[in-house]
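*Asks:* Okay, so the sequence shown: first residue is 2 according to the working numbering, each after it adds one.
Note that the Cβ used here is the ideal one computed from N, Cα and C, for glycine as well.
Got a structure for you, questions after.
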Amino acid sequence: MLMKGQTALQQLPDNYPGIISIEQVTEMVSAVRMEITSLGQRRFLFPSLLGVGALTILVYLVIVPILIFFFLKDKRIIVAWIRRFVPRESQFAEQVWVDVDRQIGNYVRGKFWEILLFGWYVWLCSRSLGWITRCCLAVCVGLSVLIPYVGAAVVTVPVVLVAWFQWGWSGDLMWVVIAYLIIQLLDGNVLVPLLFSEVTNLHPVAIITAVLIFGGIWGVLGVFFSIPLATVVQAILSAWPVVDKSPTNTSAEL
Numbered sequence: 002m003l004m005k006g007q008t009a010l011q012q013l014p015d016n017y018p019g020i021i022s023i024e025q026v027t028e029m030v031s032a033v034r035m036e037i038t039s040l041g042q043r044r045f046l047f048p049s050l051l052g053v054g055a056l057t058i059l060v061y062l063v064i065v066p067i068l069i070f071f072f073l074k075d076k077r078i079i080v081a082w083i084r085r086f087v088p089r090e091s092q093f094a095e096q097v098w099v100d101v102d103r104q105i106g107n108y109v110r111g112k113f114w115e116i117l118l119f120g121w122y123v124w125l126c127s128r129s130l131g132w133i134t135r136c137c138l139a140v141c142v143g144l145s146v147l148i149p150y151v152g153a154a155v156v157t158v159p160v161v162l163v164a165w166f167q168w169g170w171s172g173d174l175m176w177v178v179i180a181y182l183i184i185q186l187l188d189g190n191v192l193v194p195l196l197f198s199e200v201t202n203l204h205p206v207a208i209i210t211a212v213l214i215f216g217g218i219w220g221v222l223g224v225f226f227s228i229p230l231a232t233v234v235q236a237i238l239s240a241w242p243v244v245d246k247s248p249t250n251t252s253a254e255l
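Structure, rendered in structure tokens:
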């Protein structure tokens, strides 16, 4: 089949002498050969890469649960072994650890309720509007709150696309967009302040900065863990000893 194609290409200059030259046919044949060669290499390379990736995922799926089990089972033994290498005077580390443990615990509980309530709001709105895939959208939108600011922007695309595929450019699409924007406003201005008031004590500027910094360093994982990492940094800065630089009262001495 390839030989027939090459023969047909070589006959083109004879059939169309004023349009196609021999040099053009030679370049086309060389390009096709190079593409076929690279395609064959990718054919053998892709399964190997896919196998390595699948094996890595399988290893993590087996090892990580076992590791978590032993961490929970032998927590006291592991903590006692680590404390052997920690100085006895470790008030700073203990203060940071207690603060981080408290804030991250409150943050996880707050995020859990935010996912449930936010997904429930989306499911109710999608049910009233007649969305076909309302359960899937509710789950996706609910999980989007795990990534601050970025998740809400990213999940907007599938929401609009699903509504467009179902109703097209119509008034229903406009109502879907309006309802989704109202839900996002309620989440940002009502639900989040109620759930996270005085939980992390992080300013929005600090959260956005953490997303940019940790996302630039570790990519998607950095964005996902940006608030817990920012909580650790805040706990360290709060526990850091500050020198009192207030001027001494020298009038009494004079």
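Which residues mark the beginning and the end of the alpha helix (DSSP H) in which Y150 is found?
*Replies:* Careful: Y150 lies outside any alpha helix (DSSP H) and carries neither H nor E.
*Asks:* Any idea if S145 is buried or exposed, counting beta-carbon neighbours within 10 angstroms, 16 or more meaning buried?
*Replies:* Under this definition S145 is a buried residue.
*Asks:* Please return the same chain residues whose Cβ sits closer than 7 Å to the Cβ of I148, not counting the five positions on each side in sequence.
*Replies:* Counting only Cβ-Cβ distances below 7 Å, and skipping sequence neighbours, we find V224, F225.
*Asks:* Give me the Cα-Cα distance between I179 and I228, rounded to the nearest whole angstrom.
*Replies:* Computed Cα separation, rounded: 29 Å.
*Asks:* Using 8 Å as the cut-off, can you tell me whether the segment 117-124 makes contact with the segment 187-194, which would need three or more C-beta pairs spanning the two stretches below that distance?
*Replies:* Output reads yes: the segment 187-194 touches the segment 117-124.
*Asks:* For a test of the three-state rule: what should DSSP assign to G131, helix, strand or coil?
*Replies:* It is coil, neither helix nor strand.
*Asks:* Helix, strand or coil for F226, going by three-state DSSP, please let me know.
*Replies:* Coil, per DSSP.
*Asks:* Check V60 in the structure and name its three-state DSSP category.
*Replies:* V60 falls in the helix class under three-state DSSP.
*Asks:* To the nearest angstrom, report how far apart Q286 and S31 are at their CA atoms.
*Replies:* Residue 286 lies beyond the residue range present for the chain, which begins at 2 and ends at 255; the question has no answer from this structure.
*Asks:* Between the segment 120-139 and the segment 88-107, do at least 3 Cβ pairs fall closer than 8 Å?
*Replies:* Short answer: they don't touch.
*Asks:* Below 6 Å CB to CB, which residues in the same chain sit around L230 once its five sequence neighbours on both sides are set aside?
*Replies:* Once the five neighbours on either side are set aside, the close Cβ partners of L230 are F215.
*Asks:* Buried or exposed: where does A236 fall if 16 or more other Cβ atoms within 10 Å of its Cβ makes it buried?
*Replies:* A236 should be labelled buried.
*Asks:* Got a sec? Which residues, its chain only, sit under 7 Å from L238 by beta carbon, not counting five neighbours each side?
*Replies:* For L238, where only same-chain residues beyond five positions count, there are no Cβ hits under 7 Å.
*Asks:* Nearest CA to the CA of V191: which residue from E115, G169, I23, W176?
*Replies:* Nearest of E115, G169, I23, W176 to V191, Cα basis: E115.
*Asks:* Please report how far the alpha carbon of G111 lies from the alpha carbon of V193, in whole angstroms.
*Replies:* Approximately 8 Å, taken between the alpha carbons.
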